[in-house]
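These notes are about the structure you will find just below.
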Amino acid sequence: MKPFLESLGERVLLFDGGMGSMLIAAGLGEGEAPDVWNITRPDVLMGVHKAFLDAGADVIQTNTFGATPVKLAASSRGAPPDAAKVNEAGATLARTAIREFGFGDRWLAGDIGPTGEFFPPMGVLTEARAFEAFRIQAEALENGVVDIFLIETMYDIREAVAAVRAVREVSVKPVVCELTMERKKRGYFTIVGDTPARAAEELPAAGADMIGANCSMASAEMIDLASEMRALTKTPLLFQPNAGRPEMVSGKAVYRQTPEEFAAEVMKIVEAGAEAVGGCCGTTPEFIRALRAKLDAWR
Amino acid sequence: MKEHLEQCMQAIVDGDSPKAAELAKASLDKGYPVLEVIEKGFARGIREVGRLWEEGELFLPELVIGAEAMKKAMEVLRPALEAGEAAEKLGRVVIGTIEGDIHDIGKTLVATMLSANGFEVTDLGADVPVKRFVDEAEKTGADWIAVSALLTTTMPGQKRVIDELASRSLRGKIRVMVGGAPCSKEWAAEIGADGYAGDAVAAVALARQKTA
Ligand code: B1M
Chain A
253 MKPFLESLGE
263 RVLLFDGGMG
273 SMLIAAGLGE
283 GEAPDVWNIT
293 RPDVLMGVHK
303 AFLDAGADVI
313 QTNTFGATPV
323 KLAASSRGAP
333 PDAAKVNEAG
343 ATLARTAIRE
353 FGFGDRWLAG
363 DIGPTGEFFP
373 PMGVLTEARA
383 FEAFRIQAEA
393 LENGVVDIFL
403 IETMYDIREA
413 VAAVRAVREV
423 SVKPVVCELT
433 MERKKRGYFT
443 IVGDTPARAA
453 EELPAAGADM
463 IGANCSMASA
473 EMIDLASEMR
483 ALTKTPLLFQ
493 PNAGRPEMVS
503 GKAVYRQTPE
513 EFAAEVMKIV
523 EAGAEAVGGC
533 CGTTPEFIRA
543 LRAKLDAWR
Chain B
-16 MKEHLEQCMQ
-6 AIVDGDSPKA
4 AELAKASLDK
14 GYPVLEVIEK
24 GFARGIREVG
34 RLWEEGELFL
44 PELVIGAEAM
54 KKAMEVLRPA
64 LEAGEAAEKL
74 GRVVIGTIEG
84 DIHDIGKTLV
94 ATMLSANGFE
104 VTDLGADVPV
114 KRFVDEAEKT
124 GADWIAVSAL
134 LTTTMPGQKR
144 VIDELASRSL
154 RGKIRVMVGG
164 APCSKEWAAE
174 IGADGYAGDA
184 VAAVALARQK
194 TA
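In order, the protein sequence lines correspond to chains A and B. Take the first sequence: its letters are residues 253 to 551, numbered as in the working numbering. Take the second sequence: its letters are residues -16 to 195, numbered as in the working numbering.
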């Protein structure tokens, strides 16, 4: 298989969609840590990975979004599970899915999400604590054998940088880092006020090979962000929007956008110059399949 | 005094805790009416911070720093509010911010005013589970449960407190008052609350009027 970074320049790569919404559909209960299913429900995870592979994703993501030791401790009622085990299991089973279902030409991304704690003045998180949490997670993902690392949904650049550095400490593989931003009057910002310009400067400087944005925004809202970031940097870009805005229907988040609408809008992100695209919350394999068809027909 | 109120407001907008505390102390030294200093000075400041935040001019760090400055000012002013405490108790109130919601500045102000006006107040703090409101009210023999909610997503918790009271056949025995920025008279009526208060003074008036 070709190295990931080399392929980036040759064609637009397709990442997979939302893991969380798939697991909820498979019966994940409220307050249950989804990452633990890597150990307790590997059958379900194999099914989800297969569905995204079948849909045509070039890159699938491990089910380890909340699997830093810090986040696992916060999301577990009793004694937290061993973070290293949860991560390694997540990588190993996704790797098995790729091999067993005959998709040897696809890449596996070790997924890393925020610790859930805040840096001051909002909270008491320190660079050292964040770095150590990410290092433990990255090392376990490396042991489970991933091809690249995908740090995503970061809202504080300090935490994102800590994660990139931690991965760099344990691995020489490509690192992607996505922030999650919203559109305000004066432009795009994370909830703590970090900007695309800072992302374009600080994340590659810390060692990221690719940067981008995911979650918080629907596909249509992300098009301008893609143009803005393209103008800011030559670093390869990845965007993974949600399947529209969630609507609350009897206490549950429902995404109303159709796969076709989603794919049509994500193609505008591709037109804006992104090297890779994919989906976030609410994007089922159907969304990825629709996008695959459009990408294949493109140029 | 007008200029002083402007300074109080600005200290919160700037997130300047030392300045806010200093201005609060100066308000007391000058003998300004404490409640007015809070509502027309400091609270106006924190609401302005909220507005700027909503506009996307400020972000979470500034919001938190503003809230901290507000709390510093309140710490200085609270003893003065409580000084007028009446000898005779008018009734018992259990108060808190509903579960899932950590906004406690307004709730604490209401609690302080109630106790300054002769109510015996049990303040359960913020992020209080539904059951805990009712447990505590039963335990203390409260006349009122006052439930604060600042988020549209946590408002339904106010209704759950009422449901919990009903399930223990305590409706009518213990009254429920709701408040907080997104609440309204209409919301109170819709969920069957016994009253709504738009600010701390109204909360006192409501409790006074309806406590038999
Ligand atoms: C039961 O009897 C009663 C009777 C009367 C009662 C009563 C109970 N409770 C209150 N009253 C009444 O009397 C009081 C005195 O007159 C009054 O109380 P108030 O609380 O209204 O007034 C206080 C004296 C001053 N006002 C305040 O203290 C609130 C100010 C604003 C700016 C605000 C603050 C400060 C904070 N916040 Co937040 N915050 C906002 C607020 C904007 C606003 N305009 O209200 C609001 C409420 N927040 C909001 C949001 C979204 C959030 N906040 C959050 C966090 C915070 C801080 C921690 C940073 C901080 C709170 C600090 C603290 N310890 O309280 C998050 C939620 C955390 C959580 N789970 O609770 C977060 C979700 C942000 C995030 N993305 O993380 C918005 C809610 C939107 C909505 N419609 O639901 C918001 C309206 C801001 C906005 N403009 O968008 C009356 O309402």
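Beta carbons are placed, not taken as given, at the ideal position from N, Cα and C, and that holds for glycine.
If you draw a straight line from the alpha carbon of residue i to that of residue j, how long is it in whole angstroms?
i	j	result
alanine 285(A)	leucine 11(B)	51 Å
valine 117(B)	isoleucine 88(B)	22 Å
methionine 138(B)	lysine 114(B)	15 Å
alanine 545(A)	alanine 457(A)	35 Å
aspartate 408(A)	cysteine 467(A)	14 Å
serine 0(B)	alanine 129(B)	29 Å
methionine 274(A)	leucine 547(A)	23 Å
glycine 74(B)	glycine 178(B)	16 Å
histidine 301(A)	alanine 132(B)	41 Å
leucine 265(A)	glutamate 411(A)	26 Å
threonine 91(B)	arginine 417(A)	43 Å
alanine 552(A)	serine 479(A)	The requested residue 552(A) does not occur in the structure, where chain A is confined to residues 253 to 551.
glutamate 45(B)	proline 373(A)	9 Å
alanine 331(A)	alanine 325(A)	8 Å
alanine 168(B)	glycine 162(B)	Looking at the sequence shown, residue 168(B) is not alanine but lysine. Distance between the alpha carbons of lysine 168(B) and glycine 162(B): 9 Å.
tyrosine 507(A)	threonine 135(B)	20 Å
alanine 323(A)	glutamate 369(A)	The sequence given here has lysine at residue 323(A), not alanine. Computed Cα separation, rounded: 8 Å.
aspartate 310(A)	threonine 485(A)	24 Å
phenylalanine 371(A)	lysine 72(B)	44 Å
Is the CB of residue i under 9 Å away from at least one CB in chain A?
i	result
isoleucine 48(B)	yes
leucine 134(B)	no
proline 165(B)	no
glutamate 173(B)	no
phenylalanine 42(B)	yes
glutamate 103(B)	no
glutamate 51(B)	yes
glutamate 45(B)	yes
Spell out whether any CB of chain B is found under 9 Å from the CB atom of residue i.
i	result
methionine 374(A)	yes
phenylalanine 256(A)	no
phenylalanine 514(A)	no
phenylalanine 267(A)	no
phenylalanine 386(A)	no
phenylalanine 491(A)	no
phenylalanine 370(A)	yes
Rank the options by C-alpha distance to the C-alpha of residue i and give the top, closest one.
i	options	result
threonine 367(A)	Phe386(A), Arg358(A), Ala380(A), Met298(A)	Phe386(A)
isoleucine 475(A)	Glu453(A), Leu455(A), Glu517(A), Thr487(A)	Glu517(A)
glutamate 38(B)	Ala457(A), Phe441(A), Leu297(A), Asn290(A)	Phe441(A)
glutamate 79(B)	Lys72(B), Leu73(B), Ala94(B), Thr194(B)	Checking the displayed sequence, the identity of residue 79(B) turns out to be glycine instead of glutamate. Nearest option by C-alpha distance: Ala94(B).
serine 259(A)	Lys323(A), Asp357(A), Asn315(A)	Asp357(A)
leucine 107(B)	Cys(-9)(B), Glu119(B), Leu97(B)	Glu119(B)
tryptophan 550(A)	Val522(A), Gly279(A), Glu480(A), Ala343(A)	Val522(A)
lysine 2(B)	Lys156(B), His(-13)(B), Gly14(B)	His(-13)(B)
glycine 308(A)	Ala472(A), Ile350(A), Gly445(A)	Ile350(A)
glycine 261(A)	Phe539(A), Ala526(A), Asp548(A)	Ala526(A)
aspartate -3(B)	Gly14(B), Glu51(B), Leu18(B), Lys(-15)(B)	Glu51(B)
glycine 445(A)	Cys166(B), Tyr179(B), Trp36(B), Val20(B)	Trp36(B)
alanine 164(B)	Ala7(B), Ile29(B), Val17(B)	Ile29(B)
glycine 175(B)	Asp126(B), Gln192(B), Ile(-5)(B), Gln141(B)	Gln141(B)
glutamate 384(A)	Val413(A), Val296(A), Val398(A)	Val413(A)
alanine 319(A)	Arg263(A), Val288(A), Glu473(A)	Val288(A)
lysine 193(B)	Pro112(B), Val76(B), Arg143(B)	Val76(B)
glutamate 5(B)	Phe25(B), Leu18(B), Glu19(B)	Phe25(B)
Return yes when the C-beta of residue i is under 8 Å from any heavy atom of the ligand COA, and no when it is not.
i	result
arginine 30(B)	You won't find the ligand COA in this model; what it holds is the ligand B1M.
### Query
Going along the chain, which residues of the region 425 to 455 of chain A sit with their C-beta nearer than 9 Å to a C-beta in chain B?
Glu434, Arg435, Lys436, Lys437, Arg438, Gly439, Phe441, Thr442, Ile443, Val444, Gly445, Asp446
### Message
When you compare the region 54 to 67 of chain B with the region 146 to 166 of chain B, are there three or more beta-carbon pairs, one atom per stretch, that lie closer than 8 Å?
### Response
With contact defined as three or more Cβ pairs closer than 8 Å, the region 54 to 67 of chain B and the region 146 to 166 of chain B are not in contact.
### Task
Would you be able to state if there are at least three C-beta pairs under 8 Å between the region 261 to 276 of chain A and the region 430 to 441 of chain A?
no
### Task
Mind the definition here: the region 171 to 190 of chain B touches the region 96 to 108 of chain B only if three or more C-beta pairs lie below 8 Å; say whether that holds.
yes
### Message
Counting beta carbon pairs with one atom in the region 389 to 402 of chain A and one in the region 330 to 337 of chain A, are three or more of them shorter than 8 Å?
### Response
In this structure the region 330 to 337 of chain A touches the region 389 to 402 of chain A; the number of beta carbon pairs closer than 8 Å is three or more.
### Task
Using a Cβ-Cβ cut-off of less than 8 Å, list which residues of the region 16 to 40 of chain B approach chain A; keep chain order.
Those would be Glu38, Gly39, Glu40, in chain order.
### Task
Decide if the region 531 to 544 of chain A is in contact with the region 482 to 496 of chain A; the criterion is three or more beta carbon pairs, one per stretch, under 8 Å apart.
yes
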